[in-house]
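Just so we're on the same page, our numbering is the position in the sequence shown counted from 1, plus 15.
All residues carry an ideal CB built from backbone N, CA and C; glycine is no exception.
Model, not experiment: these values are computed from the prediction.
What follows is a short report on a single structure.
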Amino acid sequence: MWCWGLFEATNQDITCNVNIEQDLIPVIPVLGLKWDPIDDTLVITPKLEAKLESPTKRKILSLTQGIFDPLGFLAPALLPAKLLVQQAWATKSDWDTPLPTDIQSKYMQWLDELK
Numbered sequence: 016m017w018c019w020g021l022f023e024a025t026n027q028d029i030t031c032n033v034n035i036e037q038d039l040i041p042v043i044p045v046l047g048l049k050w051d052p053i054d055d056t057l058v059i060t061p062k063l064e065a066k067l068e069s070p071t072k073r074k075i076l077s078l079t080q081g082i083f084d085p086l087g088f089l090a091p092a093l094l095p096a097k098l099l100v101q102q103a104w105a106t107k108s109d110w111d112t113p114l115p116t117d118i119q120s121k122y123m124q125w126l127d128e129l130k
């Protein structure tokens, strides 16, 4: 889950405060995102699949392009995955062929960091 305080952003790392009782928070849909007017935060909840045993070009591309980010807030987090798609494309492997182990390990590391 990614959260941003729209007016409180500084040069420091932006942190996310997670409320366990999230269903009780009144959120307002704005541009396909959820806005919490009490905390003045935007909440983006990407639907990530469980870890993939054998990532392929198709699976990595599907995951990275399936995250809706109309304002570009997730660009820094999605860039490593898009670079992995570029590396996977350079291998000239088929869409459903498992990728080389170095790309697979980088992909798994990115997924762990994203969660």
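(message) Please state whether the Cβ-Cβ distance between Val100 and Ile75 is less than 9 angstroms.
(response) Yes; because the gap between Cβ atoms is below 9 angstroms, this pair is in contact.
(request) Would you identify the three-state DSSP class for Asp111, choosing helix, strand or coil? (result) Three-state result, Asp111: coil.
(message) Need the endpoints of the beta strand (DSSP E) that Leu10 sits in, please.
(response) A query on residue 10 cannot be resolved here, the shown segment of the chain reaching from 16 to 130 and no further.
(request) Report yes if the C-beta distance between Gln102 and Lys121 is below 9 angstroms; otherwise report no. (result) Yes, the Cβ-Cβ distance between Gln102 and Lys121 is below 9 angstroms.
(message) Tell me whether Ala96, by its Cβ, gets closer than 8 angstroms to a heavy atom of the ligand FAD.
(response) The ligand FAD is not among the ligands present in this structure, which contains no ligands whatsoever.
(request) Figure out for me which residue from Pro85, Pro70, Gln80 and Lys72 has the closest Cα to the Cα of Gly47. (result) Pro85
(message) Among the candidates Glu128, Trp50 and Leu98, whose CA atom is the shortest distance from the CA of Ile118?
(response) For Ile118, the closest alpha carbon among the candidates Glu128, Trp50 and Leu98 is that of Leu98.
(request) Could you tell me which of Ser77, Pro91 and Gln124 sits nearest to Trp110, measuring between CA atoms? (result) Ser77
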